[in-house]
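At position 45 of the sequence shown the residue is numbered 864 (this note's numbering), and the sequence of numbers has no breaks.
We put the CB at the ideal spot given by N, CA and C, even for glycine.
Only one structure is covered here, and it is reproduced in the block below.
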Amino acid sequence: YQSVRSDRVSGRGGGVAIFVRDGLAFHRVNPIPTEIDTRNEQLTVSIHLINGESLFISTLYCPRGVPSVEILDGLLEGRKNVVLTGDFYIRHSSYGHNKTTTRGVTYMT
820 YQSVRSDRVS GRGGGVAIFV RDGLAFHRVN PIPTEIDTRN EQLTVSIHLI NGESLFISTL
880 YCPRGVPSVE ILDGLLEGRK NVVLTGDFYI RHSSYGHNKT TTRGVTYMT
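The structure is reproduced here in structure tokens:
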């Protein structure tokens, strides 16, 4: 496997990574620009599919539980094959948590 990383630019530690199986052709996609500092960490890779289309795999870390709408819109705009993963810092019983946070209620409705 190949590791594609995006280390946290400020503060200690942190960042996001995607592991891509050896032999798969991929390229790293530039981060989605935002108007304000969201503190969201993002990483996207594009894998070329046999049918000529691309599969976009993205991971997003939202340390304050506020996914950037700009980033989410930017990832989906003009793309039909998108897999979004990450830690959205949302707690809800549907996800197996024993506590539901306000953000969990907001994003689950």
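By the Cβ-count criterion, GLU896 is exposed, with fewer than 16 other Cβ atoms from all chains shown falling within 10 Å of its own Cβ.
ILE866 has PHE845 and LEU874 as its beta-bridge partners, per DSSP. Under the DSSP assignment, ILE890 falls in the alpha helix (DSSP H) whose first and last residues are 888-895.
Scanning its chain for C-beta atoms nearer than 6 Å, with the 5 sequence neighbours on each side dropped, one finds no residue around TYR914. A straight-line Cα-Cα distance of about 10 Å links LEU879 and ALA836. Shown here for GLY905: same chain residues with a beta carbon closer than 6 Å to its own, the five before and five after excluded, namely THR878, LEU879 and TYR880 in chain order. Comparing alpha-carbon positions, the option among LEU868, VAL901, ARG824 and SER912 lying closest to GLN861 turns out to be ARG824.
If you ignore the 5 residues before and after GLY893, its C-beta comes within less than 7 Å of the C-beta of ILE851, all in its own chain and listed in chain order. If you check the CB distance, ILE909 and ASN859 do not come in under 8 Å. If you draw a 10 Å sphere on the C-beta of ILE876, you find 16 or more other C-beta atoms in it, and that means buried.
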